Amino acid sequence: MEEQLSKEQGREPQSIPQRSAVPQRPGNPGKRTQPRQQRPNDGQNLRIIPLGGMGEIGKNMYVLEYGNDILVIDAGFMFPEADMPGVDYVIPDVKYLEENKHKVKGYLITHAHEDHVGALPYVLPKVPAPIYAPKLTAALIQNKLKEFKIMGQLGIRTVDPDKDEKLQFGALQVEFIRMVHSIPDAVAIVIHTPVGTVIATGDFRFDFTPVDKKVPNIHRLVELSKEGVLALLSDSTGAESPGFSVTESALQKNFDNIWTSASGRIVVASFASQINRIQQFINATAYSGRKLAFSGRSLLNNVEVAVRLGYLKIPSGMIIKVQDINRYPDNQVTIVSTGSQGESMSALARMASGDHKQIKIKRGDTVVFSSSPVPGNEDKIRKVIDDLFRQGAEVVYDEKDDIKTHVSGHPKQEELKLMLSLVKPKYFIPYHGEYHHLIHHRDIAIEMNIPEKNIFVVDNGQVIEFDANGARLNGKVPHGEVLVDGLGVGDVQNIVLRDRNIMSTDGIFVVIATVDKVSGRLLTSPDIISRGFIYMRESEQLVNKARQEVRRILSKKEGEPPANWINMKNKVRDEIGQFLYNNTKRQPMVIPVIIEV
């Protein structure tokens, strides 16, 4: 990968190959058309249905349905909660889409962050449809789907938000409007329907000096406002933060100062998809005369795509391999790494624990966190920071230092007001945020003179229905969470999580008894195995008493028919569980194993 990056340095941008979409459905979905006049309502209703992203950070998926046409905006995952041990990701339940897969005309993607695209590899095999996204987003999705070996089923169509380009899906017409977020090619999605025009902002902020110089298309938002906007769905993540967000480009001076003042190596961690932020790391590396190495597979993949498409510009000769960093003086090395969220298997976490094969943190290193914690990851991040300090590094992060190393990609209150003022929607739906974010965004909309009766703060699965007479809530559709654990998708249910939580808090206690198949007589002393409950060598008295209890319980079984062994196993589990609680006030998972000989 590093060799490929070296070859790409200084190369002219290339366009990604256009992929064919899945066979076109009636209505010629995906056909590019000229702007059209709003069609009169034909008596059918428009339905907006969130399947994820309401009352939570992540798992974004929003369904827009009109007649026989369904469009899906985003398909993201969410990081697991603390009470979901072993779970890798949480994705939306798409049963409703599976039941209506014949209607699904396409996935419209606002940007390439995982909370908006991470569920695609799991959802697409169940509900196949073409994907529509700007160039960088399309290329990153393409890489992701190749990893899952499902590209043959699908098509990815590239759209250009800077052109007057519209897509037709039956009665629905779609356009993409350039916005600014913390990754290039972020867009708002506009869907013209016979009932009215709907705008979904995606993640955005009003940054007029972005790193890539591509400013939000306010002009088109104003035009749409003049034409009339039925409903606005707007990013609520920053609804509790006053003022305006800080421009991304303001960070460059801070990075330059950190890079030039550091006496040793710079290790900087951010999201692998933060392409504009990575460009600033590259700029600071060039400014300080350093070499640059990347650590982390997802980071290398994203950088390779961004360089190939011209979204990242790296000076010739800057890139080195991670295994070559020790050939250079420490004050000439920058390492960009994954792991800003404390992920246990990330490059930075392995550096912090001393397990990284090529990079060993040492005194004199400066480690920079250029991100904010995703809710739920705070403890993991603090653990990594502590481990880095123990290794002797100087750690720079926003909570500790006055120097800012991260700005949010989401709008603050004044930007939310500006969006409402520009668009002037009849109806307003705050989305993308925890419930308190949605409520604060609702209050902002009321302050901006949107009637409260025209604001819908909804939960996942709730249906907002629009027709010529207005808008209303109209029931719920199937929705929920699907847990991804390794290769298993949806096979980890609540009962499995309950068992994992029990084992993680009180451990397990296994009772193994060998009995005569005919008489039911106990043939040997019961074996006891404990994991995470007691240390066997120091608890011999308790273990011996437990064996006696097992003998007592099983002695009642002698001479009974074999069919009742299932009931006896349950009895062993219940009575030994009660015995252990009475003696320890702890409740391990008791697993009885009865072997008939």
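Under the UniProt record's numbering, the first residue of the sequence shown is numbered 1, with each subsequent residue one higher.
Backbone N, C-alpha and C define an ideal beta-carbon position, used for all residues, glycine too.
Everything numeric in this text was worked out from a predicted model, so none of it was measured.
Does residue 567 have its Cβ less than 8 Å from a Cβ in chain C? The chain inventory of the structure shown lacks chain C, comprising one protein chain alone.
Secondary structure at residue 36, three-state DSSP: helix, strand or coil? Reading the sequence shown from its first residue, position 36 is the one you call residue 36. Bear in mind that the predicted position of residue 36 carries a pLDDT of just 40, short of 50, making it too unreliable to give a figure here.
To the nearest angstrom, how far is the alpha carbon of residue 256 from that of residue 470? Within the sequence shown, the letter at position 256 stands for residue 256. Within the sequence shown, the letter at position 470 stands for residue 470. Between residue 256 and residue 470, the C-alpha separation is close to 54 Å.
Could you check where the alpha helix (DSSP H) with residue 479 kicks off and where it finishes? Within the sequence shown, numbered from 1, the residue matching residue 479 stands at position 479. That residue, residue 479, is in no alpha helix (DSSP H); it is neither H nor E in DSSP.
In terms of residues, what are the limits of the alpha helix (DSSP H) holding residue 382? Walking along the sequence shown from the start, residue 382 turns up at place 382. Element bounds for residue 382: 378–390.
How would you write the range of the beta strand (DSSP E) that residue 132 sits in, first residue to last? Along the sequence shown, read from residue 1 onward, the residue named residue 132 stands at position 132. Note, residue 132: beta strand (DSSP E), 131–133.
Can you tell me which of the three DSSP states residue 44 falls into? Here residue 44 corresponds to residue number 44 of the sequence shown, with the count starting at 1. DSSP places residue 44 in coil when its eight states are reduced to three.
So who's on the other strand from residue 604, going by DSSP bridges? An answer regarding residue 604 cannot be provided, because it is not within the stretch 1 to 597 covered by the chain.
Short Cβ contact (8 Å threshold) for residue 528 with residue 551: Your numbering for residue 528 matches position 528 in the sequence shown. Your numbering for residue 551 matches position 551 in the sequence shown. No, the pair does not count as a contact, with Cβ atoms beyond the cut-off.
Spatially closest choice to residue 532 from 544, 518 and 510, by CA coordinates: Taking the sequence shown and counting its residues from 1, one reaches residue 532 at position 532. Closest option to residue 532, judged by alpha-carbon separation, among 544, 518 and 510: 510.
Classify residue 473: buried if its beta carbon has 16 or more other beta carbons within 10 angstroms, exposed otherwise. Here residue 473 refers to the residue found at position 473 when the sequence shown is read from its first residue. It is exposed - the Cβ of residue 473 has fewer than 16 other Cβ atoms within 10 Å.
Which of the three DSSP states is assigned to residue 203 in this structure? Along the sequence shown, one-based indexing puts residue 203 at 203. Three-state DSSP puts residue 203 in coil, outside helix and strand.
Whole alpha helix (DSSP H) runs in the region 228–314 with 4 or more residues, listed along the chain? Qualifying alpha helix (DSSP H) stretches, in chain order: 251–261, 275–287 and 297–309.
Three-state secondary structure (DSSP) at residue 338? As a working mapping, residue 338 is identified with position 338 in the sequence shown. Of the three classes helix, strand and coil, the one that applies to residue 338 here is coil, per DSSP.
Considering only residues of the same chain and omitting the five flanking positions on each side of residue 440, which have a CB-CB separation below 7 Å? Mapped onto the sequence shown, residue 440 falls at position 440. Closer than 7 Å at Cβ, skipping near neighbours: 239 and 240.
Rounded to the nearest angstrom, what separates residue 540 and residue 520 at their Cα positions? The residue you call residue 540 lines up with position 540 of the sequence shown. The residue you call residue 520 lines up with position 520 of the sequence shown. Going by the C-alpha atoms only, they are around 27 Å apart.
Whose C-beta lies closer than 8 Å to the C-beta of residue 424 among residues of the same chain, with five residues either side of it excluded? Locating residue 424 in the sequence shown gives position 424, where the first residue counts as 1. If we look at residue 424 and ignore the five residues flanking it on each side, its Cβ neighbours are 225 and 229.
Pairing CB atoms from the region 351–362 with CB atoms from the region 318–328, are three or more of them under 8 Å? These segments touch.
I'd like the list of long-range same chain contacts for residue 421, defined as Cβ closer than 8 Å, with 5 residues on each side in sequence excluded. Locating residue 421 in the sequence shown gives position 421, counting from the first residue. Same-chain partners within the cutoff: 448.
Going by alpha carbons, who is nearest to residue 387 out of 350, 218, 140 and 407? The residue you call residue 387 lines up with position 387 of the sequence shown. The shortest C-alpha separation from residue 387 is found at 350.
With a cut-off of 8 Å on the beta carbons, I'd call residue 120 and residue 145 a contact; round off their distance for me. Locating residue 120 in the sequence shown gives position 120, counting from the first residue. Locating residue 145 in the sequence shown gives position 145, counting from the first residue. Correct: roughly 7 Å between the Cβ atoms.
Separation of residue 180 from residue 193, as counted between CA atoms: Here residue 193 refers to the residue found at position 193 when the sequence shown is read from its first residue. Here residue 180 refers to the residue found at position 180 when the sequence shown is read from its first residue. If I take the Cα positions, the gap works out to 25 Å.
List the residues that DSSP assigns as beta-bridge partners of residue 106. The residue you call residue 106 lines up with position 106 of the sequence shown. Bridge partners of residue 106 according to DSSP: 71.
At what residues does the alpha helix (DSSP H) containing residue 349 begin and finish? Here the question's residue 349 lines up with position 349 in the sequence shown. Run containing residue 349: 347–353, per the alpha helix (DSSP H) assignment.
State the beta-bridge partners of residue 56 as determined by DSSP. Sequence index remark: in the sequence shown, residue 56 carries index 56 (1-based). Residue pairing from DSSP places residue 56 in a beta bridge opposite 433.
DSSP on residue 361, reduced to helix/strand/coil? Translated into positions along the sequence shown, residue 361 becomes position 361. Residue 361: coil per DSSP, three-state reduction.
Spatial neighbours of residue 586 in its chain, beta-carbon cut-off 6 Å, leaving aside the 5 residues before and after: Start at 1 with the first residue of the sequence shown, and residue 586 comes out as number 586. Excluding residues within five positions, the ones whose Cβ falls inside 6 Å are 506.
Please report how far the alpha carbon of residue 431 lies from the alpha carbon of residue 236, in whole angstroms. What you label residue 431 is simply residue 431 of the sequence shown in a count that begins at 1. What you label residue 236 is simply residue 236 of the sequence shown in a count that begins at 1. Cα-Cα distance, rounded: 6 Å.
Pull up the DSSP beta-bridge partners for residue 542, would you. Here residue 542 corresponds to residue number 542 of the sequence shown, with the count starting at 1. Residue 542 is not bridged to any residue.
If you draw a straight line from the alpha carbon of residue 292 to that of residue 336, how long is it in whole angstroms? Residue numbering aside, residue 292 sits at position 292 when the sequence shown is read from its first letter. Residue numbering aside, residue 336 sits at position 336 when the sequence shown is read from its first letter. Rounded to whole angstroms, residue 292 to residue 336 spans 7 Å at the Cα level.
Host beta strand (DSSP E) of residue 166 (start-end): Sequence index remark: in the sequence shown, residue 166 carries index 166 (1-based). That run of the beta strand (DSSP E) goes 166–169.
Residue 92 vs residue 51 beta-carbon contact at 8 Å: Taking the sequence shown and counting its residues from 1, one reaches residue 92 at position 92. Taking the sequence shown and counting its residues from 1, one reaches residue 51 at position 51. Yes, the Cβ-Cβ distance between residue 92 and residue 51 is below 8 Å.
Range covered by the alpha helix (DSSP H) that runs through residue 121: For the purposes of this step, residue 121 is identified with residue 121 of the sequence shown, where counting begins at 1. Run containing residue 121: 120–123, per the alpha helix (DSSP H) assignment.
Could you have a look at residue 527 and say whether DSSP puts it in helix, strand or coil? To locate residue 527, count along the sequence shown from 1; it is residue 527. If DSSP states are grouped into helix, strand and coil, residue 527 belongs with the strands.
What are the boundary residues of the beta strand (DSSP E) that includes residue 62? Residue numbering aside, residue 62 sits at position 62 when the sequence shown is read from its first letter. Per DSSP, the continuous beta strand (DSSP E) segment holding residue 62 begins and ends at 61–66.
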